[in-house]
Amino acid sequence: MNRWCRTGLRYAALVMVFQSAWAAAPQAAAPHTPAPAAPAAPASASSASNHAQDDGRIRIQLVARDQVDLSSEISAKIASMPFRDGDAFRAGQTLVSLDCSLYAAQLHKAQAESEAAVQLKRVDDRLSQLHSIGEIDVQQAEAKAKASAAEVAYMQATVRKCSIAAPFDGRVVKRSAAAQQFAEPGKPLLTIVDTSHLELKMIVPSKWLAWLKPGHPLSVNVDEVGKTYPATVARIGARVDPVTQTVDVTAALANRAPELLPGMSGWASFAGAGR
Numbered sequence: 001m002n003r004w005c006r007t008g009l010r011y012a013a014l015v016m017v018f019q020s021a022w023a024a025a026p027q028a029a030a031p032h033t034p035a036p037a038a039p040a041a042p043a044s045a046s047s048a049s050n051h052a053q054d055d056g057r058i059r060i061q062l063v064a065r066d067q068v069d070l071s072s073e074i075s076a077k078i079a080s081m082p083f084r085d086g087d088a089f090r091a092g093q094t095l096v097s098l099d100c101s102l103y104a105a106q107l108h109k110a111q112a113e114s115e116a117a118v119q120l121k122r123v124d125d126r127l128s129q130l131h132s133i134g135e136i137d138v139q140q141a142e143a144k145a146k147a148s149a150a151e152v153a154y155m156q157a158t159v160r161k162c163s164i165a166a167p168f169d170g171r172v173v174k175r176s177a178a179a180q181q182f183a184e185p186g187k188p189l190l191t192i193v194d195t196s197h198l199e200l201k202m203i204v205p206s207k208w209l210a211w212l213k214p215g216h217p218l219s220v221n222v223d224e225v226g227k228t229y230p231a232t233v234a235r236i237g238a239r240v241d242p243v244t245q246t247v248d249v250t251a252a253l254a255n256r257a258p259e260l261l262p263g264m265s266g267w268a269s270f271a272g273a274g275r
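Shown next, in the form of structure tokens:
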């Protein structure tokens, strides 16, 4: 047997050995597939735990009934802004004064022109009675008098905008400008908040709507001051959140409490909660 035949026989024998070993070996285990994760708890459960306790208490936050960004209606330099961040003020006090010397001068000019137009109209009326002028002259004098009066009214309204008064009792949250700066129409100058009328915002389970109505009493313990205050439900939200099965509720304090500020929080307890 030649060399090539011997090589071929060795190769065939080697293939048979490998095939036998492969047939005898155990098959590889299939890759492990992890079991599907348990479904997450519905959003309503986690949301409720953030706002309610097992004893029926509900988390609340104090908010101001009114918060306003004051801005100028005219372009002028700021003459004074006497109140700073945190300062308290009374309704009607001047919060911003603008330098309106130019507008005041324009008002005086309009008033003078209006007076002259009124005098001219009186003269033309008299001349018309004497048949010394035509009807068109009288009408023109009357139109000029009306236009002058309108200009005076416009400038008077402009000058009144040179002072910004407080619309309610409250405190300054933030000053966005200072004296000697230029005020532009619509650009905020002061942010003020009504601290005399605070409301309580909360989220309650929608099933409470079976017994919770406006006027329902509750007590509120405020974390920051450690005191409890009586309150009543003022308004109930107009819709139920379909995901969390909750509804917004607004309550009002029974008495004024000067020590309370917007942003404080605490817990509300309802009589009859969890029925």
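Counting with UniProt numbering, you get residues 1 to 275 for the letters of the sequence shown.
Beta carbons: idealized from backbone N, C-alpha and C, even for Gly.
None of the values given here were measured: they were computed from a predicted structure.
Local conformation of residue i per DSSP, three classes
i, result
"Ser-265", "strand"
"Ile-58", "strand"
"Ala-105", "helix"
"Gln-180", "coil"
"Thr-7", "At Thr-7 the pLDDT is 49, less than 50, meaning the model places this residue with poor confidence; the figure from the coordinates comes in the next sentence. Note: Thr-7 maps to helix in three-state DSSP."
"Ser-75", "coil"
"Ser-132", "coil"
"Gln-93", "coil"
"Ser-196", "coil"
"Lys-161", "coil"
"Lys-174", "strand"
"Asp-87", "coil"
"Ala-143", "helix"
"Val-169", "The sequence shown places Asp at residue 169, not Val. Here Asp-169 sits in coil by DSSP."
"Asp-66", "coil"
Candidates the options: closest to residue i by CA position
i, options, result
"Val-233", "Leu-190, Arg-171, Met-202", "Met-202"
"Leu-189", "Ser-196, Ala-177, Pro-258, Ala-110", "Ala-177"
"Asp-124", "Ala-110, Glu-113, His-108, Ala-141", "Ala-141"
"Thr-158", "Gln-106, Ala-91, Val-222, Gln-67", "Gln-106"
"Thr-244", "Asn-255, Pro-82, Ala-117, Ser-206", "Ser-206"
"Ala-251", "Ala-210, Val-225, Val-204, Pro-82", "Val-204"
"Pro-185", "Ser-132, Ile-164, Gly-92", "Ile-164"
"Asp-69", "Ile-236, Gly-170, Thr-246", "Gly-170"
"Pro-82", "Arg-256, Gln-180, Arg-235", "Gln-180"
"Ser-219", "Lys-77, Trp-208, Leu-200, Glu-113", "Leu-200"
"Thr-191", "Arg-59, Gly-86, Ser-80", "Gly-86"
"Asn-255", "His-197, Gly-92, Arg-59", "His-197"
Environment of residue i [buried if 16+ CB atoms lie within 10 Å]
i, result
"Ser-75", "exposed"
"Arg-57", "buried"
"Val-193", "buried"
"Ala-271", "exposed"
"Phe-182", "exposed"
"Leu-130", "exposed"
"Trp-211", "exposed"
"Ser-132", "exposed"
"residue 278", "There is simply no residue 278 to check, as the chain begins at 1 and stops at 275 in what is shown."
"Ala-268", "buried"
"Ile-136", "exposed"
"residue 301", "Shown here, the chain extends from 1 to 275; a query on residue 301 therefore has no answer."
Rounded C-alpha distance that separates residue i from residue j
i, j, result
"Trp-97", "Leu-260", "Per the sequence presented here, residue 97 reads as Ser, with Trp not at that position. Straight-line Cα distance between these residues: approximately 30 Å."
"Lys-121", "Ser-148", "12 Å"
"Arg-175", "Phe-89", "14 Å"
"Ser-101", "Ala-153", "17 Å"
"Pro-64", "Pro-262", "Reading off the sequence shown, one finds Ala at residue 64, where the question assumed Pro. About 6 Å."
"Met-264", "Glu-151", "50 Å"
"Asp-241", "Thr-94", "43 Å"
"Val-222", "Ala-238", "27 Å"
"Ala-248", "Lys-227", "Checking the sequence shown, residue 248 turns out to be Asp, not Ala. Asp-248 and Lys-227: Cα-Cα distance of roughly 24 Å."
"Tyr-229", "Lys-161", "41 Å"
"Thr-167", "Gln-67", "Reading off the sequence, residue 167 comes out as Pro, not Thr. If you take the alpha carbons of Pro-167 and Gln-67, they lie about 11 Å apart."
"Ser-71", "Lys-146", "32 Å"
"Val-138", "Val-118", "12 Å"
"Ala-116", "His-108", "12 Å"
"Leu-253", "Ala-231", "4 Å"
"Ser-128", "Ala-143", "16 Å"
"Val-172", "Thr-195", "10 Å"
"Tyr-103", "Arg-84", "27 Å"
"Ala-257", "Glu-113", "55 Å"
"Glu-73", "Lys-187", "9 Å"
"Glu-224", "Leu-62", "11 Å"
"Ile-236", "Pro-217", "14 Å"
"Ala-79", "Asp-99", "5 Å"
"Thr-246", "Arg-59", "13 Å"
"Gly-134", "Ala-110", "27 Å"
"Trp-208", "Met-155", "57 Å"
"Pro-214", "Lys-77", "48 Å"
Residue i CB to nearest heavy atom of the ligand FMN below 7 Å
i, result
"Arg-239", "The model on display carries no ligand, and the ligand FMN is accordingly not part of it."
Within-8 Å CB hit, residue i to chain C
i, result
"Leu-218", "Note that chain C does not occur in the displayed structure, where there is just one protein chain."
*3-residue-minimum beta strand (DSSP E) runs that sit fully inside the UniProt domain "CusB-like beta-barrel" (202-273), ordered along the chain*: 217-222, 227-236, 246-253, 265-270
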